[in-house]
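Taking this note's numbering, the leading residue of the sequence shown gets 17, the next gets one more, and so forth.
Glycine included, each C-beta is placed from N, C-alpha and C at the ideal position.
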Amino acid sequence: MTDQIAMLWMRGSLSFLERLCVQSFLDAGHHVILYSYEPLDRVPEGVETRDASLILPETGDLVHERTGSPAPHADRFRYLLLARSEGMIWADTDAYCVKPFRTLDGHLYGWESDKHVNIGVLALPSGSPTLAALMDFTGDPHAIPPWEKPWKQREMAAARDAGEPVRAIAENWGVWGPQAFTHFLGETGEIARAMPQAALYPYSFAERRKLLMPGKDHSDAITDETLSIHLYGRRIRKRMAERDQGLPDPDSLMGQLLIKHRIDPCEAPLA
């Protein structure tokens, strides 16, 4: 019995990118639970769907101001889910499964760069001190990030005391995600369990364009220890829509993965 994979797609139709990632887990033998706030279209057969509001009701408040992204909501959602669901593994809908996932004593996460441990693939035991810290920190939208420079913390504290608290999640990307996760992992010592970059993020965010390069050799990045490839969905979808007529080159890594899992991108176009 493989571990269960939990995902969140808030609403709307899945594009070929999300379908690819979901299908990759199914093909690896995982049971996939896809949470959403409305019924979804184009969900691959075999996926169990659940109501996301049972974990975290949607209020519309937990968004990144500049982009309008609900990433802070998704960050809080996964921490709540892991705290309530022992043995569950979280995966973003742009995380592609190379090999079946297994946790080590309930832990599964990895470095995405030399600065941050990402949360695109994540498992923590319910008793993890890191998870407890994340639950506490993300429970307050006005919490002051303890890793900020002292002068910045003083500035935010002064604004709070003046009755005008700063919502860090609205201003800065990743405050509740990789920034908080990396900080609290380091504080608790659980960062020692983080897997090397090749395991879950063989291409970093800065290298994401390589996913769409036709004819590229990926053997230096994707190795025997690679379990997942993060596809950086929001940015990759935007790039394909603007420069590639919404379709990946069949000879790119993205194109080859679609062929492998028999997914026709024309049947699930980008939104």
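Would DSSP call residue i helix, strand or coil?
i	result
residue 139	strand
residue 275	helix
residue 122	coil
residue 178	coil
residue 43	helix
residue 267	coil
residue 28	coil
residue 152	helix
residue 21	strand
residue 71	coil
residue 133	strand
Give me whichever residues DSSP pairs with residue i in a beta bridge.
i	result
residue 65	50
residue 113	244
residue 127	133
Determine whether the beta carbon atoms of residue i and residue j lie at a separation below 9 Å.
i	j	result
residue 206	residue 162	no
residue 93	residue 68	yes
residue 189	residue 87	yes
residue 271	residue 265	yes
residue 179	residue 33	no
Taking 8 Å as the cut-off, is the beta-carbon of residue i closer than that to any non-hydrogen atom of the ligand GDP?
i	result
residue 162	Looking for the ligand GDP in the displayed structure turns up nothing, as the structure carries no ligands at all.
_I'd like to know if the region 235-246 and the region 110-117 are in contact, where contact means that at least 3 CB-CB pairs between them fall below 8 Å._
yes
*Take every Cβ of the region 47-56, pair it with every Cβ of the region 213-233, and state whether three or more of those distances are shorter than 8 Å.*
Flag = no, the region 47-56 and the region 213-233 do not touch.
_Please give the ranges of any beta strand (DSSP E) in the region 235-259, keeping only runs that are unbroken, at least 3 residues long and fully inside the region._
244-246
_With three or more beta-carbon pairs closer than 8 Å as the criterion, would you say the region 193-201 touches the region 141-154?_
yes
*asked:* Threshold first: 4 residues or longer. Then list the alpha helix (DSSP H) segments lying entirely within the region 207-237, N to C.
replied: 213-216
*Cβ contact (3+ pairs, closer than 8 Å) linking the region 131-139 and the region 97-108*: yes
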